[in-house]
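So the sequence shown is residues 7 to 207, counted in the numbering used here. Glycine included, each C-beta is placed from N, C-alpha and C at the ideal position. This one's a predicted model, so the numbers in the text were calculated from it and none came from an experiment.
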Amino acid sequence: MHTYTLITHKKWVFLKRQQVLLIKLSVMMTIVLLLTGCSKTSTDIEEYLNTGTAMDAEAKDVMPALDELPAYRDIDYRHTQKKIFLFEANSVALVVEYDMQTYESEKGKLEEDYIISNQKAASETSGDNSNPNVEFSLNSYVFRVLEGNGYPKSFGMVGTSDEHQRIAYLYFYDFDLDKIGELNDKNRMSKFVESYFDYDF
């Protein structure tokens with residue numbers, strides 16, 4: 007009887023330790039998820055500028071209307087939503103591939119249709135007056151930040167790839183974001199695009 011009680015007690019202690027270990031593991035996984043956040047990406051072009059997020063209204067001033075695009079070879083759409091704690095970031099990318107003649111024509115129109123940022127962009131909360139790397143490269147693309155006073159919380163970019171004859175229209179929205187990367191990092195904008203836009207540029 008005494009031996010049976012001892013075995014039962016050992017089993018109980020073992021099970022209790024396993025239970026505590028599982029709880030600790032669950033807490034650690036939850037903390038990791040909260041710190042790293044989670045993201046989801048949609049490629050359904052029917053949702054283009056109709057995602058149900060605050061970004062839609064802001065992005066319509068920058069992103070092209072699909073029915074106004076000239077004939078194209080291919081088109082890719084990505085809406086990426088990243089959540090960390092209670093914070094949410096939304097980005098939209100529309101990448102359009104043209105034949106050479108149309109590409110050159112559309113590329114030329116970018117200067118007419120968009121105002122490229124040439125001012126220092128201020129962070130609304132920190133008073134930081136640093137320039138947002140107005141022009142930067144990412145693989146074969148050359149991106150330019152568009153004029154607007156929403157940087158870094160809400161702003162657009164256009165990118166061109168002569169190699170692939172593609173034009174990329176990007177918009178980012180995160181009202182809680184105060185800065186992008188470290189001020190002395192010349193690659194901060196390309197790192198930002200790689201991090202927030204789920205597209206292989």
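Determine the burial state of residue i: buried for a count of at least 16 other Cβ atoms within 10 Å of its Cβ, exposed for fewer.
i    : result
P158 : buried
L28  : exposed
T14  : exposed
T86  : buried
Q171 : buried
A71  : exposed
M106 : exposed
L92  : exposed
Leaving out the 5 sequence neighbours to the left and right, which residues in its chain are closer than 7 Å to residue i when beta-carbon positions are compared?
i    : result
V26  : none
I121 : L152, E153
M163 : F149, R150, V151, L152, L176
Specify, as a first and last residue, the run of the alpha helix (DSSP H) that residue i falls within.
i    : result
L116 : 106 to 119
D62  : 61 to 65
For residue i and residue j, which I take to be in contact (beta-carbon distance under 8 Å), what is that distance rounded to the nearest angstrom?
i   : j    : result
P76 : E112 : 7 Å
Between which two residues does the beta strand (DSSP E) containing residue i stretch?
i    : result
M163 : 160 to 167
E141 : 141 to 144
S97  : 93 to 103
F149 : 147 to 151
R172 : 172 to 179
* To do: Take every Cβ of the segment 85 to 101, pair it with every Cβ of the segment 184 to 197, and state whether three or more of those distances are shorter than 8 Å.
  => no
* Any 3 or more C-beta pairs closer than 8 Å across the segment 158 to 168 and the segment 176 to 192 -> yes
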